[in-house]
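Anchor point for the first sequence: position 178 equals 223 in the numbering used here, and the numbering is continuous, going up by one each time. As structure tokens, the structure follows; a few thoughts come after it.
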Amino acid sequence: MLQVTYIRENKDQVIAGLGKRKFANAEDVINEVLELDDLRKSTQQKHDEAQSESNALSKEIGTLMKAGKKDEAEEIKQKTADLKVQVKDHGERLTQYESDLKALLYKIPNVPNNDVPEGAGENDNVTVEQHGDVPELFEGALPHWELIKKYDIIDFELGNKITGAGFPVYRGKGARLQRSLVNYFLDKAVEAGYMEVQPPILINEESGYGTGQLPDKDGQMYFVREENFYLIPTAEVPITNMYRDVIVNSDDLPIKHVGFTPCFRREAGSWGAHVRGLNRLHQFDKVEIVEIHHPDDSYAALERMCNHVKGLLESLNLPYRVLNLCGADLSFTSAQTFDMEVFSAAQQKWLEVSSVSNFETYQANRLKLRCKGKDNKSFFLHTLNGSALALPRILAAILENNQTEDGIKIPEVLVPYTGFDSIN
RNA sequence: AGAGGAGUGGCAGAGUGGUCGAAUGCGGCGGUCUUGAAAACCGUUGUACCGCGAGGUACCGGGGGUUCGAAUCCCUCCUCCUCUGCCA
């Protein structure tokens with residue numbers, strides 16, 4: 046979340062930034078934050094003062110008791126009664142203001158950075174780069190949902206039976222291809238200096254708040270009632286939360302992790318007839334990269350992360366474009382996001398396969414993720430993450446783009462992983 | 001899952017109702033000494049909030065309670081260890 050001191054010092058800029066992402070009533074909300082913070086401060090002053098007095102009297106009582114002056118001690122005890130009420134009263138108000146303030150801040154998204162384009166929706170995202178030629182398919186080429194049936198590599202019906210819609214079963218070469226992609230992506234990330242981690246895929250409430258999925262995305266995550274755990278919507282959550290309540294040694298920066306996990310999303314409300322095949326699932330696999338940086342380095346890191354993702358796509362010969370997301374399309378916690386989309390030839394559609402974001406201090410503030418400077422003062426670090434990559438849509442694009450009349454050609458770099466060079 | 005034990009500063013470890021934010025040791029940082037290093041010695045060494053400042057408040061696993069006063073007593077939750085059970 047945003048820091049109140051930052052809001053206070055950059056009020057107009059914050060309001061303008063929130064306006065850019067079409068956050069309603071930005072000015073009113075920001076004013077409310079500042080008013081609540083003022084109340085919180087003045088109330089704490091009163092509370093601390095009363096507490097201080099009360100502490101002093103208690104100390105005095107202790108001294109008197111030790112000296113055996115019981116009567117005098119009793120006398121002072123009477124005086125503490127009134128203070129006690131004051132402390133309690135101010136304390137309750139303080140707690141209330143604090144929780145109100147926090148609740149309000151939780152609902153305020155990150156401020157977009159200056160390079161984020163203006164815009165009202167996804168149509169205003171700016172294409173900053175396009176790479177690779179869109180393949181010409183032969184007559185009779187099929188969308189991936191037909192291909193998977195034809196070659197019997199993914200079974201949606203079976204998934205329906207076992208679980209429900211959006212939980213496909215990968216079979217035979219389909220399963221092997223997916224596993225190959227996972228291994229390939231992990232290997233490339235480790236090669237690029239990321240330390241591999243295998244995090245839990247269920248998270249507690251605190252972690253959900255740490256990276257900003259809660260309270261914003263409550264209802265989009267699956268919930269395990271028995272334990273109050275959420276199923277992760279992305280590995281970003283457990284991996285970034287490894288650094289919750291951590292003061293990082295500056296020598297350990299930057300921190301770079303890669304992790305492979307399944308991801309679970311309820312996608313409530315977004316399910317429709319236009320979402321077919323692998324385009325949107327309730328469970329899917331993803332390799333995620335997460336980085337933690339000194340604030341001065343984070344945008345250079347964002348660029349390097351994008352380059353890593355682009356390199357993966359190029360090595361798979363997938364045509365892609367890079368979008369600089371506009372204010373309205375930015376995710377809640379992000380200060381800037383680049384989406385990578387591959388072109389899926391049979392569907393004639395761009396599919397988002399990666400989203401690379403810099404959250405600046407927004408998550409770090411919630412996580413209490415800090416670093417100590419030379420002056421011994423601590424400051425919030427910047428967190429970043431990106432998909433590298435999300436599996437199903439990559440799979441869909443490979444299937445569609447690489448299809449021939451004789452079968453599906455496996456990209457060269459994957460053949461050492463799959464052990465076969467075509468699916469037929 | 002059942003029984004028992006335990007959770008204190010970066011680590012180890014004292015502290016069972018009152019000047020305890022917390023002894024002591026190790027580690028870290030600064031210094032003296034030294035050609036340099038080690039040793040020795042001296043000093044220093046948590047976080048957050050409020051305050052222009054002096055200073056104040058809170059934090060001894062989390063939350064709640066008793067008390068004028070809680071690291072210390074009570075309740076509850078969490079985690080770890082030992083034994084028993086179960087299981088990949």
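For each residue, glycine too, the CB sits at the ideal point set by N, CA and C.
Quiz prompt | First and last residue of the uninterrupted alpha helix (DSSP H) at HIS189 | solution = 189-195
Quiz prompt | Member of TYR462, ASP160, GLY255, LEU357 whose CA lies at the smallest distance from the CA of MET46 | solution = GLY255
Quiz item: For ARG216, which residues of its own chain have a beta-carbon under 7 Å away from its beta-carbon, when the five flanking residues on both sides are left out?
Solution: A distance below 7 Å between beta-carbons, with the five flanking residues on each side excluded, links ARG216 to the following residues of its chain, in chain order: ASP197, ILE198, ILE199, ASP200.
Self-check item: For TYR267: DSSP bridge partner residues
Solution: Answer is none; TYR267 lacks a bridge partner.
Quiz item: If you follow the alpha helix (DSSP H) that PHE230 is part of, which residue opens it and which one closes it?
Solution: Per DSSP, PHE230 is one residue of the alpha helix (DSSP H) stretching across 217-236.
Quiz prompt | Bridge-paired residues (DSSP) for ALA435 | solution = LYS331
Quiz prompt | Three-state secondary structure (DSSP) of CYS308 | solution = Residue state for CYS308 is assigned as strand, using DSSP reduced to three classes.
Quiz item: Residue range of the beta strand (DSSP E) that SER423 falls in?
Solution: Unbroken beta strand (DSSP E) run through SER423: 423-425.
Quiz item: Taking the alpha-carbon positions, what's the SER252 to ASP384 distance?
Solution: 25 Å
Quiz item: Using DSSP with H/G/I as helix, E/B as strand and the rest coil, what is CYS351?
Solution: Residue state, collapsed to three classes: helix.
Quiz item: How about SER376 and SER399: do their beta carbons lie closer than 8 Å?
Solution: With contacts defined by Cβ atoms closer than 8 Å, SER376 and SER399 do not form a contacting pair.
Exercise. Return helix, strand or coil for TYR365, following the three-state DSSP convention.
Key: strand
Quiz item: Just checking, does the stretch 169-184 make contact with the stretch 117-137 on the three C-beta pairs under 8 Å criterion?
Solution: no
Exercise. In angstroms with no decimal places, state the Cα-to-Cα distance between PRO283 and ILE248.
Key: Cα to Cα, PRO283 sits roughly 7 Å from ILE248.
Practice problem: Provide the residue span of the alpha helix (DSSP H) that contains GLN381, from first to last. | Solution: Where GLN381 is concerned, there is no enclosing alpha helix (DSSP H), although the beta strand (DSSP E) it sits in stretches over 381-389.
Practice problem: Evaluate the contact criterion for the stretch 99-107 versus the stretch 62-80: three or more CB pairs, one atom per stretch, below 8 Å. | Solution: no
Quiz item: Can the beta-carbon of ALA380 be found less than 8 Å from the beta-carbon of PRO162?
Solution: no
Quiz item: Can the beta-carbon of TYR462 be found closer than 8 Å to that of TYR239?
Solution: no
Practice problem: Please look up how many angstroms separate the CB atoms of GLN408 and THR378, rounded, as I've assumed it's under 8 Å. | Solution: Between GLN408 and THR378 the beta-carbon gap is near 6 Å, inside 8 Å, which marks them as a contact.
Practice problem: Return the bridge partner residues of PHE274 from the DSSP annotation. | Solution: VAL269
Exercise. Confirm, please, whether the CB-CB distance from PHE309 to LEU436 is below 8 Å.
Key: no
Self-check item: Collapsed DSSP secondary structure at ILE292 in the structure displayed
Solution: strand
Quiz item: Can you tell me whether DSSP reads MET240 as helix, strand or coil?
Solution: strand
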